[in-house]
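See structure below.
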Amino acid sequence: MARAAIGVDLGGSHVMAAAVDEAGLIHARFEHEIEDHDPAAVIAALADVVRSAIAATKHDVAGIGIGSPGNIDPSSGTIRYSPNFGWENVPLGQRVRDAFPKYPVFVANDARCATLGEYAHGVGQGTQDFVLLTLGTGIGGGIVAQGALSLGHQMGAGEIGHHTIRPDTGFICACGKVGCFEAQASGTGLIRHAFRLAPSFPRSALLDPPKDDDPRPWRDRLGSKRIRKAAQRGDAHAVAAWSAYCEDLALGLSNVIAFVNPEVIALGGGVSSAGDFMLEHVKPLVEARTTMVPRGTTRIVRATLGNDAGAVGAATAAMRGGLIARATPAAAGQIVA
Ligand SMILES: [Zn+2]
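Here is the structure:
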């Protein structure tokens, strides 16, 4: 029988489980909203969608892979800490193993899983040195070097969003530092650039709230898409915010090139929907900041798997026995994509 694995994408507001075959194709998908961040409630919701995915697939299930936010102990699958959930030392891997004793269970950081997904089945295929950066509420990332996913000494490799690019003038990051790449160049960063520049555009309507009955604070509803679209239309305030944003994005990308010298950097997440409009702005700025690495040798492209990258990567890890949750931490360093 053809093989599949269950890939789980665990996010702050919902959990998705999918049956993914060896070609990286999704055959069945189940989602559950998450309202309560209590570990027992989250794990119950996760087990529910995993159970549905196992029941729905006609394939032989090789294992369960889970991509979760936070720093994760690879030997046990325990979440050491996850700011998104407010968790510390939650034994996620063991709880899922208890619920599904028939299957091997692997737990890894969600951004690393997405990187593995794009590398094995998306735009990273065929390369040896690859970086994924997801430009959403934050910046998630991951590095593939010499064909292997980089995990680091304590699973911290790939936290590209938290390298500092504007220590003096930057925005405060969710991690507590000032001027992190994530604070400047995520979708949230684009909104913050627009607010910072607002005094220079007193007649701009870019940030005005709509006249509707939605009770949620406007700032929470204002997405980066509104600013991106206005920049594409030529709105002066939005163009200024977009330019400041692209400068910061390019600064971080040039640092990534200096550290990793990847063949391809793939950009995913909401902001990357701007496509060529973003790439045309950013590529020359990156070129200008690239010095010791031969210019033009890193291709900057859009990621192709979208929101499915995390689940596909988690399933890929489970299928290949790559993210070893039961073995020694040393074994986790052997993840070969
Ligand atoms: Zn940070």
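Residue numbers (the working numbering): 100 to 436. A virtual CB, placed ideally from N, CA and C, is assigned to each residue, including glycine.
Exercise. Using the Cα positions of residue 182 and residue 213, report the straight-line distance between them to the nearest angstrom.
Key: 19 Å
Quiz item: Can you tell which of 132, 330, 281 has the C-alpha that lies nearest to the C-alpha of residue 236?
Solution: 281
Exercise. With residue 284 as the anchor, note down where its alpha helix (DSSP H) starts and where it stops.
Key: 280 to 284
Quiz item: Does the beta carbon of residue 388 come closer than 8 Å to any beta carbon on chain D?
Solution: This model lacks chain D altogether; it includes just one protein chain.
Self-check item: Span of the alpha helix (DSSP H), counted from its first residue to its last, around residue 218
Solution: 209 to 220
Practice problem: Pick helix, strand or coil for residue 241, following the three-state DSSP scheme. | Solution: strand
Practice problem: Compute the beta-carbon to beta-carbon distance between residue 359 and residue 244, rounded to the nearest angstrom, for a pair I have assumed lies under 8 Å. | Solution: 7 Å
Quiz item: What three-state label does DSSP hand residue 303 in the structure shown?
Solution: coil
Quiz item: Which of helix, strand or coil does DSSP assign to residue 419?
Solution: helix
Practice problem: Could you please give me the residues that DSSP links to residue 188 through a beta bridge? | Solution: None; residue 188 has no bridge partner.
Quiz item: Mapping DSSP to helix, strand and coil, what is residue 346?
Solution: helix
Practice problem: Mark residue 188 as exposed unless 16 or more other C-beta atoms lie within 10 angstroms of its C-beta, in which case mark it buried. | Solution: exposed
Practice problem: Mind checking which residues open and close the alpha helix (DSSP H) that includes residue 392? | Solution: Neither: residue 392 is in no alpha helix (DSSP H) and is coded neither H nor E.
Practice problem: Give me the Cα-Cα distance between residue 339 and residue 278, rounded to the nearest whole angstrom. | Solution: 19 Å
Practice problem: Please classify residue 126: does DSSP put it in a helix, a strand, or coil? | Solution: strand
Practice problem: Rounded to whole angstroms, what's the CA-CA distance from residue 184 to residue 144? Just pull it up for me. | Solution: 14 Å
Quiz prompt | Buried or exposed by the 16-neighbour rule on C-beta atoms within 10 Å, applied to residue 291 | solution = buried
Quiz prompt | Within 8 Å, strictly: CB atoms of residue 363 and residue 119 | solution = no
Quiz item: Should residue 366 and residue 337 be called a contact, given that it needs their Cβ atoms to be closer than 8 Å?
Solution: no
Quiz item: Nearest-angstrom Cα distance between residue 270 and residue 283?
Solution: 7 Å
Self-check item: Environment of ligand 2 in chain order, Cβ to heavy atom below 5 Å
Solution: For the structure depicted, ligand 2 is absent and the ligand set comprises only ligand 1.
Quiz item: Just curious, the alpha helix (DSSP H) that residue 151 is in, first and last residue?
Solution: 138 to 155
Quiz item: Counting Cβ pairs closer than 8 Å, one from the segment 413 to 421 and one from the segment 200 to 209, do we hit at least three?
Solution: yes
Quiz item: What are the residues that DSSP puts in a beta bridge with residue 132?
Solution: 113
Quiz item: Taking all protein chains shown into account, do 16 or more other C-beta atoms lie within 10 angstroms of the C-beta of residue 299, making it buried, or fewer, making it exposed?
Solution: exposed
Quiz item: With 16 as the cutoff for other CB atoms within 10 Å, does residue 122 come out buried or exposed?
Solution: exposed
Quiz item: Looking at the unbroken beta strand (DSSP E) that takes in residue 265, where does it start and where does it end?
Solution: Taken as a continuous stretch (DSSP letters only), residue 265 belongs to no beta strand (DSSP E), as it is neither H nor E.
Quiz item: Smallest Cα separation from residue 391: which of 139, 417, 353?
Solution: 353
Exercise. Return the first residue and the last residue of the beta strand (DSSP E) that residue 229 is part of.
Key: 229 to 234
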